[in-house]
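Taking it in order: structure first as structure tokens, then the write-up.
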Amino acid sequence: MIGAEWSLLRREPHLKWGAIALLLLVGLAAWNGRMLLESRTVDAALALQESRETIDALAVQAANGNATATSPGAAAFGAVSATIVRRSATGEALAIGQTDLEANFQKLTARNAYAALAASAPDNALRLAVGNFDVAFVLVWLIPLLVIAAFFDIISGERERGVLALAVVAGAAASRYLWIKWLTRTLASIGVTWLAVAIAIAVGERSWTAETAITLVGWGVVLSAYVFFWASLALACNVGRGNSERHAAVLAAAWLTLVILLPAAINLLVTNVFPAPSRVELAAQLREATEAADRAAAKDRDRWFFDHPDLRSGEAERAAYYRSVAASERMITDAITPQLSAFESRAAERRALTRRLQWLSPAATTHDALTILSHTDGASQATFRAAVLIFHNRWQTFFFERIDGDRLLTRDDYARLPTFESPPTSSLRSLRRASTNVLVLLAIGALLCIYCGMRLTRLDAIPPQQEGG
Amino acid sequence: MILTIANKEFRAILRDGRALYGTIVFALLGVLALVTGAIRFSELDAERLRAQEHVAEQWRAQGDKNPHSAAHYGQYAFRPALPLAFFDPGVQAFEGVSIWLEAHKRNFATGRPADDAAPLARFGELSLAFIYQALLPLGILLLAYPAFAAERDSGTLRQLMATGVDGRRLFVGKFIGIGAAVLVLAAPVTILALIALVVATGTRWLAHATLLLTFYAWFAAIVLAASLWVSAVASSARSALLTLLAIWAVAVFVLPRIAGDLGRIIAPVPGAQRLQAAIERDLAEGIDGESPAAKIEKRRRQLYRLYKVDDDRALPINMQGVIFGIQDEISNAVYDKHFARLQSAVDAQIDLYEIVSLLSPRMALMLVSQELSGTSVGAQRRFADGAERFRRRLMATLNADITLHSRNDDPAYRAGADLWRSAGEYRYEFEPLREALRRCGAAAMVLLLWTLLAGAGGLLAARRLGSNP
Chain Z
526 MIGAEWSLLR REPHLKWGAI ALLLLVGLAA WNGRMLLESR TVDAALALQE SRETIDALAV
586 QAANGNATAT SPGAAAFGAV SATIVRRSAT GEALAIGQTD LEANFQKLTA RNAYAALAAS
646 APDNALRLAV GNFDVAFVLV WLIPLLVIAA FFDIISGERE RGVLALAVVA GAAASRYLWI
706 KWLTRTLASI GVTWLAVAIA IAVGERSWTA ETAITLVGWG VVLSAYVFFW ASLALACNVG
766 RGNSERHAAV LAAAWLTLVI LLPAAINLLV TNVFPAPSRV ELAAQLREAT EAADRAAAKD
826 RDRWFFDHPD LRSGEAERAA YYRSVAASER MITDAITPQL SAFESRAAER RALTRRLQWL
886 SPAATTHDAL TILSHTDGAS QATFRAAVLI FHNRWQTFFF ERIDGDRLLT RDDYARLPTF
946 ESPPTSSLRS LRRASTNVLV LLAIGALLCI YCGMRLTRLD AIPPQQEGG
Chain C
7 MILTIANKEF RAILRDGRAL YGTIVFALLG VLALVTGAIR FSELDAERLR AQEHVAEQWR
67 AQGDKNPHSA AHYGQYAFRP ALPLAFFDPG VQAFEGVSIW LEAHKRNFAT GRPADDAAPL
127 ARFGELSLAF IYQALLPLGI LLLAYPAFAA ERDSGTLRQL MATGVDGRRL FVGKFIGIGA
187 AVLVLAAPVT ILALIALVVA TGTRWLAHAT LLLTFYAWFA AIVLAASLWV SAVASSARSA
247 LLTLLAIWAV AVFVLPRIAG DLGRIIAPVP GAQRLQAAIE RDLAEGIDGE SPAAKIEKRR
307 RQLYRLYKVD DDRALPINMQ GVIFGIQDEI SNAVYDKHFA RLQSAVDAQI DLYEIVSLLS
367 PRMALMLVSQ ELSGTSVGAQ RRFADGAERF RRRLMATLNA DITLHSRNDD PAYRAGADLW
427 RSAGEYRYEF EPLREALRRC GAAAMVLLLW TLLAGAGGLL AARRLGSNP
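Sequences listed follow chains Z and C, in order.
Just add 525 to wherever you are in the first sequence, counting from 1, and you've got this note's numbering.
Just add 6 to wherever you are in the second sequence, counting from 1, and you've got this note's numbering.
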């Protein structure tokens, strides 16, 4: 019977073309994600190379006794910067998430951490506002539409065409017939989904590794559970009374609610329950901290027209100037660190509440799982930011010790500069984290199936409008 | 005849329970978006006013110091929250809220609210603009899809045409009837929003709001005409519904994202690293073939000739103030060049977005809505450019003070409150409506083309109803 249903399904042109359109969009989205990632990777590699070349050149100059290269202050606050690069992870091109808002590399100096973390790459805000066209978007938003197109009349269509009544008259069990029809369509939809994921990874990933295979399996499993949920919901809608048009409208409303309105409402709630600390106030606080630091060093700093030690000569003058700058930066860092921590802890609270509420929307649950599998979720970004702050502290300490101790930089010092290691990612660990999401989707789908099973036993084979006549 | 048809459609919709439920859902979402939008606007407005005043007070009370120290201390420009942002937040979350106005540098706006956004933020923001741009069209198509198609399914269309009714009159009648119903259904939220605006800000923004609503009404008319067109040509009501839902999903959600990313690929914005490197190179080498050092030397010789001296200390003015002025002239030219390049890349992306909006009137409406609400890329640019003009005036005032009132090699020179007061504080000036409208030309043309297409297509299809009902 599955074979017969499969051949019927293949003859439905709107489903065939819908599936082809979905696969094309997935391919396009994967290519788009790859282009974005590659351009970011090229920029990061260029910055890294330039940074290394600068450090190598300064090391040579330091060996030759060059004043700028040997001055720890000149190096710390101008000549030397650490380029830190966020290592791209498997699957990142498929679910861009919020990563396009954060630079994948940053240039850190020994100035305060806010100066480094507040910097954002210039971009087209309109593009950022409308969102990315990535594979996660295509699959989370559009797969339900394909499923709805395949399932909206799974029972009502049969009833309206009289097939169900004929089957009952012929002695067939209507529920068995419908379950097989549903199973065939569900398996076909899952098949299309796995094909879409395979295309996405083939187009979006640069190489195939064990991590890629885990990502593929993870995406496939998550999306299969998502398809299972939508197929179950469509069946649950169909076991009720009403015609196909009504079911299409109800399922479209369900899509609108679960994919668009609920995530937006959850976002609204989370934003209002845990409002982010004010960036405006942070700017004012930073200014106060800067002013306080400048006042403390005012007497000294005016000697150099604030930041122009080049207008005065002498090594002793320069060393004194940089000591005053280091003292200011230390004061600013001390003043601003609690504010930055408040941003991070508030972000963590938002993530936690979002994770609790996202179970209300299977779309949000699925999207969360996909970003976890692609290492582009909020927790991964927070881990990276924390690593950057730890590294910045090491970098600042390296230079401040030499500035305060009035120790000139040597060639060996340049070789000993701290280096940044991007936090490692593990697809297997991500798979474990995403498994809760899969279980939730499967559980909701299973509950819907149980409900359908109970309703299918007392199914009407005759369309409602014919009953009265 | 037309009015009779319109009256029948109008009454039928108002009697339909689904329309009532739809209106309730629409009104609830609208009120939710209105209340949260209004609260957010009033908080942001108060916060920014407070911060701007605070910064101005800090500037005035900074005490006696060298004007160049004050130049580095600088001021902050905070982006104002415009009242209609409660309706359409536009790209505001993806643009920085403050710009540090300091010596020698044109800084980017920092502190993007999106950087602190909750994980589900990119699913979409529940604003009134989103509801009117995405949900209102859905409501319209759900009301309009059966207009011809359902009558064809039930056979009443054939009977109607047999009575000699002109298909075009039927189209216009249904258009007026459904359109009037849509107006009645959307009226409560719209009137409430207008009242909230007038209560909060008086009539200052009423012209903007009226124009905004006119564009939204125009958009709704296009959607209605297009929906009736599809209903007229569809083989069945089911087919009309599925076709319209697919068009809606693609036009409202998919195309804007594709257009945004296509713009990024075709006209990429220079990365922060490359931009910064290019700026630093030009600052060091100059952009007109003359190095900064050569420019300074040339001016020095001119001044020597003018005052008939041969040493900086013999000049009646402070050469260091002149040097700061030259450095600012150079840096201003360099920043103008690179910001223009950056802005032209963003403009090219928005041009492409406008071209793709030929396929989706929602995209054209989005651009118009953001412009009239003061939340567009253009409005942000106006804020940034205004802040930059002020920065240059501020630096020119401070440099002139050093030049005219202090002597060379006199680090003890201090200016005081009089200078800070005369230099002024940054204040944002609201943009006249006609300037915002000037940026809406292309989008308005797209809406006009859609009006012609939907109107002509619908009327043509309706005329053919007589020959093939």
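C-beta atoms are modelled at their ideal positions from N, C-alpha and C, and glycine is treated no differently.
I want to verify the contact list: residues of chain C whose CB lies under 7 angstroms from the CB of Z/Ser803, in sequence order. Residue 803 of chain Z sits at position 278 when you count from the first residue of the first sequence. Listed along chain C, the residues sitting closer than 7 angstroms to Z/Ser803 by beta-carbon distance are Glu53.
Do the region 137–146 of chain C and the region 102–117 of chain C make contact, defined as three or more Cβ pairs closer than 8 angstroms? By the Cβ criterion, the region 137–146 of chain C is not in contact with the region 102–117 of chain C, since fewer than three pairs of Cβ atoms, one from each stretch, lie closer than 8 angstroms.
Could you tell me which residues DSSP pairs with Z/Lys541 in its beta bridges? Taking the first sequence and counting its residues from 1, the one referred to as residue 541 of chain Z is at position 16. DSSP lists no partner for Z/Lys541.
Using a Cβ-Cβ cut-off of 8 angstroms, state whether C/Leu274 counts as contacting chain Z. As a working note, residue 274 of chain C is residue 268 in the second sequence. What sits at residue 274 of chain C in the sequence shown is Pro, not Leu. Yes, C/Pro274 counts as interfacial toward chain Z.
Z/Thr908 versus Z/Ala628: straight-line alpha-carbon distance, rounded: The residue you call residue 908 of chain Z lines up with position 383 of the first sequence. The residue you call residue 628 of chain Z lines up with position 103 of the first sequence. Distance between the alpha carbons of Z/Thr908 and Z/Ala628 is about 15 angstroms.
Using DSSP bridges, identify the partner residues of Z/Ile609. Looking up residue 609 of chain Z in the first sequence gives position 84. Note: Z/Ile609 sits in a beta bridge opposite Z/Gln631.
Out of Z/Ala809, Z/Arg701 and Z/Ser757, which one is the CA nearest neighbour of Z/Ile715? Position 190 of the first sequence holds residue 715 of chain Z. Nearest C-alpha to Z/Ile715: Z/Ser757.
Just to make sure I have the definition right: I need the residues of chain C whose C-beta is within less than 9 angstroms of the C-beta of Z/Glu816. Which are they? Your numbering for residue 816 of chain Z matches position 291 in the first sequence. Neighbours of Z/Glu816 on chain C, chain order: Gln64, Gln68 and Tyr79.
Provide the residue span of the beta strand (DSSP E) that contains C/Gln81, from first to last. Here residue 81 of chain C refers to the residue found at position 75 of the second sequence. Start and end: Gln81 to Phe84.
Checking 8 angstroms against the spacing of the C-beta atoms, do Z/Arg875 and Z/Val795 come in under that value? For this step, residue 875 of chain Z is matched to residue 350 along the first sequence. For this step, residue 795 of chain Z is matched to residue 270 along the first sequence. Closer than 8 angstroms, so yes.
So is C/Arg263 in contact with chain Z if we call contact Cβ pairs under 8 angstroms? Here residue 263 of chain C corresponds to residue number 257 of the second sequence, with the count starting at 1. Output row for C/Arg263: interface = yes.
Run the CB neighbour count on Z/Met979, radius 10 Å, all protein chains shown included, and call it buried at 16 or more, exposed below. Working through the first sequence from its first residue, we reach residue 979 of chain Z at position 454. Exposed, because fewer than 16 other Cβ atoms sit within 10 Å of the Cβ of Z/Met979.
Pair every Cβ in the region 899–919 of chain Z with every Cβ in the region 622–639 of chain Z, then say whether three or more of these pairs are closer than 8 angstroms. yes
Chain B within 8 angstroms of Z/Ile739, Cβ atoms only: No chain B appears in this structure, whose protein chains are Z and C.
Would C/Val41 pass as an interface residue toward chain Z - the criterion being a Cβ-Cβ separation below 8 angstroms? Reading the second sequence from its first residue, position 35 is the one you call residue 41 of chain C. Not closer than 8 angstroms to any Cβ of chain Z, the Cβ of C/Val41 fails to qualify, so no.
To the nearest angstrom, report how far apart C/Leu1 and C/Ala33 are at their CA atoms. Since the first residue shown for chain C is 7 and the last is 475, residue 1 of chain C is missing from the structure and cannot be characterised.
Just to confirm the assignment, what range does the beta strand (DSSP E) spanning C/Trp106 have? Within the second sequence, numbered from 1, the residue matching residue 106 of chain C stands at position 100. Taken as a continuous stretch (DSSP letters only), the beta strand (DSSP E) holding C/Trp106 covers Ser104 to Glu108.
Can you tell which of Z/Phe925, Z/Arg710, Z/Ile580 and Z/Thr896 has the C-alpha that lies nearest to the C-alpha of Z/Arg536? Numbered from 1 along the first sequence, position 11 holds the residue referred to as residue 536 of chain Z. The shortest Cα separation from Z/Arg536 among Z/Phe925, Z/Arg710, Z/Ile580 and Z/Thr896 belongs to Z/Arg710.
What does C/Ala104 reach in chain Z if we use C-beta pairs closer than 8 angstroms? Here residue 104 of chain C corresponds to residue number 98 of the second sequence, with the count starting at 1. In the sequence as displayed, the identity of residue 104 of chain C is Ser instead of Ala. In chain order: Arg804, Val805 and Ala808.
Looking only at its own chain, which residues have a Cβ that is under 6 angstroms from the Cβ of Z/Lys1000, when we skip the five neighbours before and after it? Lying outside 526 to 994, the shown extent of chain Z, residue 1000 of chain Z is not represented and no answer is given.
Interface residues of chain Z facing C/Pro119 [CB-CB closer than 8 angstroms]: What you label residue 119 of chain C is simply residue 113 of the second sequence in a count that begins at 1. Ordered by position in chain Z, the residues that pass the 8 angstroms Cβ test against C/Pro119 are Ala801 and Arg804.
Where are the beta strand (DSSP E) runs, 3 residues long or more, that stay fully inside the region 719–751 of chain Z, in chain order? none
Rounded to whole angstroms, what's the CA-CA distance from C/Ile8 to C/Lys180? Just pull it up for me. Along the second sequence, read from residue 1 onward, the residue named residue 8 of chain C stands at position 2. Along the second sequence, read from residue 1 onward, the residue named residue 180 of chain C stands at position 174. Taken atom to atom, the span from the alpha-carbon of C/Ile8 to that of C/Lys180 is near 8 angstroms.
What does Z/Thr796 touch in chain C if you count any residue whose Cβ is under 7 angstroms from its own? Counting from 1 along the first sequence, the entry for residue 796 of chain Z is found at position 271. Those are Ala124, listed as they occur along chain C.
Simplified DSSP state of C/Arg17, which is helix, strand or coil: Translated into positions along the second sequence, residue 17 of chain C becomes position 11. In the structure shown, C/Arg17 sits in a helix (DSSP, three-state: H, G or I).
Can you look up C/Lys111 in the DSSP assignment and give me helix, strand or coil? Looking up residue 111 of chain C in the second sequence gives position 105. Correct three-state label for C/Lys111: strand.
Starting from the beta carbon of C/Gln279, find every residue of chain Z whose beta carbon is closer than 9 angstroms, and list them in chain order. For the purposes of this step, residue 279 of chain C is taken as residue 273 along the second sequence, with counting starting at 1. Under a criterion of Cβ atoms nearer than 9 angstroms, the residues of chain Z adjacent to C/Gln279 are, in order, Asp568, Ala569, Leu571, Ala572, Glu575, Thr608, Ala628, Phe630, Lys632 and Ala646.
For Z/Leu703 and Z/Ile680, believed in contact at Cβ under 8 angstroms, the rounded distance: Here residue 680 of chain Z refers to the residue found at position 155 of the first sequence. Here residue 703 of chain Z refers to the residue found at position 178 of the first sequence. About 6 angstroms separates the two Cβ atoms, so the contact holds.
C-alpha gap between Z/Ala582 and Z/Leu942, whole angstroms: Looking up residue 582 of chain Z in the first sequence gives position 57. Looking up residue 942 of chain Z in the first sequence gives position 417. Cα to Cα, Z/Ala582 sits roughly 14 angstroms from Z/Leu942.
With contact counted as at least three CB pairs below 8 angstroms, one residue from each stretch, are the region 643–658 of chain Z and the region 763–771 of chain Z in contact? no
I want to see whether chain Z comes within less than 8 angstroms of C/Arg26, judged by CB atoms only; does it? The sequence position of residue 26 of chain C within the second sequence is 20, counting from 1. Strictly speaking, residue 26 of chain C in this sequence is Leu, with Arg absent from that position. False, the Cβ-Cβ gap to chain Z never drops below 8 angstroms.
What is the C-beta distance between Z/Leu966 and Z/Phe662, in whole angstroms, given that I count them as a contact (C-beta under 8 angstroms)? Here the question's residue 966 of chain Z lines up with position 441 in the first sequence. Here the question's residue 662 of chain Z lines up with position 137 in the first sequence. Z/Leu966 to Z/Phe662, Cβ: 18 angstroms. No contact.
If contact means a Cβ-Cβ distance below 7 angstroms, which residues of the region 662–675 of chain Z contact chain C? Phe662, Trp666, Leu670 and Ala674
Please determine if the region 929–940 of chain Z and the region 650–658 of chain Z are in contact, where contact requires at least 3 C-beta pairs separated by less than 8 angstroms. no
Counting pairs of beta carbons, one from the region 588–597 of chain Z and one from the region 692–699 of chain Z, are three or more of them closer than 8 angstroms? no
Can you list the residues of chain Z that C/Leu148 reaches, using a CB-CB cut of under 7 angstroms? Here residue 148 of chain C refers to the residue found at position 142 when the second sequence is read from its first residue. Ala774, listed in chain order.
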